[in-house]
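Chains as they are written, first to last, in our numbering: chain A, 83 to 1080; chain B, 4 to 364. Built from N, CA and C at the ideal position, the CB exists for glycine as well. Worksheet for the structure shown next.
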């Protein structure tokens, strides 16, 4: 206690600490959780994604990323880039508008919120009067048109968000010019879409929900044309030349409308229900893209036959006779088309379709035959199948790196070779200092290898362990092999597949040796696979062994799942990591710890029943050790009975949650759907607090005893070459730590390399340490004579580490959830310790040795322990003196899955899941910091502005001619031509300045 | 049993009966019917005197005020030279020189200390705590009883400069019948927990406090604000009573079922307690472990339970481990004990101190 009151104020050390440690959350990897809006700027070639938690993320070329967060944490409904600007406007579900801009600061661009604004109606008006439904940033970049639920279109000035009241387009004004017989006030309720004329910035197309479409002249403030559809309108899209537009409707139809100068009420050119004749779902968005060859691309979302395919999330692409309905596994949020952004170009020539689905981003190459998907360099769906564990390997040797990439590239042949089409901005971050791999284990039995070196978490290779086993669902579920004349022409795209065939396949532990390429993975049903990297396809038999961890203990019955059935005979494996040994634990409980020693060719594994050691060279089980306490029925019976005993408490807690949700809803009186959930969540804590008084949660205070359940649960396994028996001879050893605070040490005899196959590996228990406080052992480590942690196997052989000091006395560090304790070796006597729980009430959840380099001098680095506690704090603790160096709050303590998912790297960085699909990357080191650093250039912004201002002035000075009203019908054609010409000139001018700027 | 337990029972002060009956009663109460024991008692002056006939038994009973502290020892270990005048206070003097000033102010405190009884609980730091608070130390070590209580969240009312304020707090919510916490009588349902082993719980969550208590469970010191404030120590009486009587007055104030020890407490003691981890060398069958463990812990408890001499420990250890423990190990074990002055001084500092790692084969 006292030593905490007086922390060592050694100024030298304090200064050094500043050079070594620094906490930063640097970048979010993966796919944003609950995306709600999508935007794209063809000018910046940047894409923006908004989420339901109010985050906005911008992506361009790989490495170009920005992130912003709305203070209100409200759902982002719409994102609109201001044309030709580094600015964007977001609309949230609280009806507020936010202006964000990318500004350069300190050599890199930053995304910042500049202004916020909420449209206010006249006093007493209903909220719907100002509920924004459509946003149109005008190409003049000076104003925003805001369509509302009431049918009014407000005009606000940018960037000040000042409402230009005199320019408001009211339904009354619109109806003035429209014959009364087919329109009334109700026709103008709710503005569904606002589209600026592609060639004439003075005209906008207004689409009202009740199928009335009006072409509005902004200069003269009057309707030029109106179009009356028969079905509720969903969206509008202009053809590139402005001669036609297309509307899509609630009944699954789309309609083309000509915009001609001669008649003011046009009849549709064509009305199609693409998936008729049976009732179809709405087409919510449509694109009409022209091409050189004349055949347009019609791309639309939805429109599927309601009865048979109404549940599909589809986007259809029609190009001449080709038609495909891309079928997504999750809801489509929004999509856009990347097409020629050159304003002078005659045709759209679409190149790619970018679809934001709820769980993944899918990009389709529209230029290559067959419209293959493009492999995204970022926004990977980490949660294609739920992540069950992760493992990080730093500093991968180039050779292994290349072999993994080559194995992965063989898996990716079906992807398009098109370069990534969203390529705005410039990545100016230094090249990643080393090659890092993040391995994620998934519920479906796959292991994904991610390039975690830089800002973009990129999938390199995917390994599946399913092939080794016989599962109920055999993998011939090729959804894509639909017959030729199948209608609708659905094609499954994307990788998100949350359904696991068999939960027993789930991966629980991964260990990769980066020097030898040996990989061990262990799963939910007690399976342990040892694999080797092979560059070729191969067919071979997987050696199979069983490890009975209960040994001869009688009278136990495992009530959990059965072990996985294995495939007999040789199995074909694709190039990559191929299993050659399978050990199945008996009972088939989930593997809770795993260690691999590639030099000794040994793999150790532990479950809630015990642990075992397998020699994967000789393919022989060396020994098993049962750690189970004889009275521990819970652990014995497996997960099922445990669930039963938890049932009651679970039911109660659910009831409590439900009650509080209901009460919070009542208070709110019911409002928007998404916001409700969030607010309910926000109020949840409060409710919980209140409820504590009603039904207090009790905690039992009891010392741990040997009879507690799950004390035999093996938490950690560790191989070390150290002085286990006496101080003169060191030998290989295996250490195991259990939930009950026991550490077992086994002395191993590994035959020398030349006799490795002839003599068996022997093991003998040398020590058993029972920690008096009986807290779960979460880490074991041996420090050499210089108090440096022992190197990894083969690290010394590859000249990547100094050989350990085998002269001085070794020390054993045992980390339990409650304490850090250093013991001498070989005589295990306590040397020093640090009590964490007794003093702070927090427990160790994750612990790793990390190397911290100084940012000031290259030649100084030290090893410390990086610790994550159950409160979400990260602490750095010095080695070997166990002094707390620094503490950072990192994860909210309520975020149990975040804390459970945290993985540290060897150089003081780390990852944890902030949602099922996103890893937050953080850094504790001043030296190793991977964060996005990028520049988005605005080519010649000032001259651009100048040109546009001029054109604006010109437009403004063009006064409406007298008698405009009468002559309108006659003149409109010419006027438009004039406007077109005028604009063309301006556009060309802009183009030339743009090119000049580049 | 020796140095491990103490029992309280009542006798009719004026009709004590025969020594023979008393002796049987003692043996019966302590379930040691088959042992030869020596019974002694502490007289008014703090001297340890023997009870071995009707006369001194009567004397002992009549001089009790109001408690008679009876010491029971195994016959063959009794150091007769210990009996006589001032035996206890002599030891106490040696102790005073070693301990700090706090102790010196109230030197008679140790008169009532039952040296060869292992305490299960004590109230400590009475002199530095507000009267409304109570600091309770629970000695779970070697005791088979569970700690046996539950805590919950709640709100307490604090007086602040802004008036009364509701603040969240941690409270004892339930006592397990027969548990250590209940049997001490020092803790009660709805007592507010203020500190755990010297660390304030304010601002900590229920789970944090739970973890802290469990982590300290071998030597748990809880500072509570009792819900029932009537049993509080009355400071004035404590101040005036500079003799060992203060202990007894406290006891009567509490009217508790079990005796407890008023002991001065130094914060460093919290640090000094060492739980020894047990290291077992060599390969052992797993089924041996529980047995071995209970053996080790019982021997540990004997080592550390305040005892009158090392002989006791040695005998017990030897008895229990006969044939299993080499002399060398015992020597090691004993020498490690001897290096600790507390053990050679036979000061029962809470009875849970353990030093070094015990190595058994």
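| field | Nearest-angstrom Cβ-Cβ length linking residue 684(A) and residue 695(A), presumed shorter than 8 Å | value | 6 Å
| task | Identify the continuous beta strand (DSSP E) that holds residue 283(B) and give its terminal residues. | result | 281-284
| task | Give the interface partners of residue 212(B) over in chain A, defined as CB-CB distance under 7 Å, in chain order. | result | The contacting residues are 923.
| query | Can you pull the DSSP bridge partners for residue 675(A)? | reply | 688(A)
| Beta carbon of residue 1004(A) nearer than 8 Å to that of residue 472(A) | no
| field | Contact belief for residue 217(B) with residue 196(B) at Cβ below 8 Å, rounded distance in angstroms | value | Not confirmed; about 14 Å, so no contact.
| One or two residues paired with residue 298(A) in a DSSP bridge | 286(A), 305(A)
| query | Which one or two residues does DSSP pair with residue 993(A) in a beta bridge? | reply | 985(A), 1003(A)
| task | Report the neighbours of residue 207(B) on chain A: residues whose CB is nearer than 9 Å to its CB, in chain order. | result | Those are 922, 923, listed as they occur along chain A.
| request: Within its chain, find whatever has a CB closer than 6 Å to the CB of residue 928(A); leave out the 5 residues flanking it on each side and keep chain order. | output: 950, 984
| field | Cα-Cα separation between residue 921(A) and residue 819(A), rounded to whole angstroms | value | 23 Å
| request: Give the DSSP bridge partners of residue 317(A), in chain order. | output: 330(A)
| At least one CB of chain B closer than 8 Å to the CB of residue 93(A): is that the case? | no
| message | Which residues of the stretch 851-865 of chain A have a Cβ closer than 8 Å to any Cβ of chain B? Give them in chain order. | response | Flagged, chain order: 851, 852, 853, 854, 855, 857.
| query | So the beta strand (DSSP E) residue 370(A) belongs to, where does it begin and stop? | reply | 365-371
| task | Label residue 153(B) either buried or exposed according to how many other C-beta atoms from any shown protein chain fall within 10 Å of its C-beta, with 16 as the threshold for buried. | result | By the neighbour-count rule (16 or more Cβ atoms within 10 Å), residue 153(B) is buried.
| request: Tell me, please, whether the CB atom of residue 910(A) is closer than 8 Å to any CB atom in chain B? | output: yes
| query | Can you list, in chain order, the stretches of the beta strand (DSSP E) that have 3 or more residues and sit fully within the stretch 94-169 of chain A? | reply | List check, beta strand (DSSP E) in window: 103-112, 117-123, 128-133, 137-141, 147-151, 158-163.
| message | So if DSSP puts residue 237(A) in a beta bridge, which residue, or which two residues, is it bridged to? | response | 227(A)
| query | From 891(A), 797(A), 701(A), pick the residue whose C-alpha is nearest to that of residue 688(A); which is it? | reply | 797(A)
| For residue 199(B), which beta-bridge partners are listed by DSSP? | 202(B), 225(B)
| Where does residue 219(A) fall in DSSP's three states? | strand
| Where do the ends of the alpha helix (DSSP H) carrying residue 485(A) lie? | 480-493
| request: Name, in chain order, the residues that DSSP records as bridge partners for residue 957(A). | output: Under DSSP, residue 957(A) shares a beta bridge with 949(A), 969(A).
| Quick one: is residue 654(A) buried, meaning 16 or more other Cβ sit within 10 Å of its Cβ, or exposed? | exposed
| field | Residue of 620(A), 223(A), 217(A), 150(A) minimising C-alpha distance to residue 80(A) | value | Given that chain A is displayed from residue 83 to residue 1080, the structure contains no residue 80(A) and the question cannot be resolved.
| said: Counting C-beta neighbours from all protein chains within 10 Å, is the total for residue 426(A) 16 or more, i.e. buried, or is it exposed? | reply: With a threshold of 16 other beta carbon atoms within 10 Å, residue 426(A) falls short and is exposed.
| Is the number of C-beta pairs between the stretch 405-414 of chain A and the stretch 569-582 of chain A that are closer than 8 Å three or more? | Contact between the stretch 405-414 of chain A and the stretch 569-582 of chain A is established, with three or more Cβ pairs separated by less than 8 Å.
| Near residue 289(A), which residues of its chain fall below 6 Å by C-beta distance, leaving aside the five closest residues on each side in sequence? | Same-chain partners within the cutoff: 274, 275, 295, 315, 318.
| Secondary structure at residue 654(A), three-state DSSP: helix, strand or coil? | strand
| request: Show which residues of chain A have a CB atom less than 7 Å away from the CB atom of residue 177(B). | output: 780
| request: Confirm, please, whether the CB-CB distance from residue 923(A) to residue 891(A) is below 8 Å. | output: Contact: no.
| Residues of chain B with CB under 7 Å from residue 987(A), in chain order? | What residue 987(A) touches in chain B: nothing, since even the nearest Cβ is about 28 Å away.
| Residues within the stretch 214-231 of chain B neighbouring chain A, beta-carbon criterion of under 7 Å | 214, 215, 216, 217, 218, 219, 220, 221
| Which residues in the same chain have their Cβ closer than 8 Å to the Cβ of residue 708(A), if we skip the five residues on either side of it in sequence? | Excluding residues within five positions, the ones whose Cβ falls inside 8 Å are 631, 632, 633, 635, 691, 692, 794.
| message | Between residue 1081(A) and chain B, is the shortest Cβ-Cβ distance under 8 Å, so that the two count as touching? | response | Chain A is shown only over 83 to 1080; residue 1081(A) falls outside these bounds and no answer can be derived.
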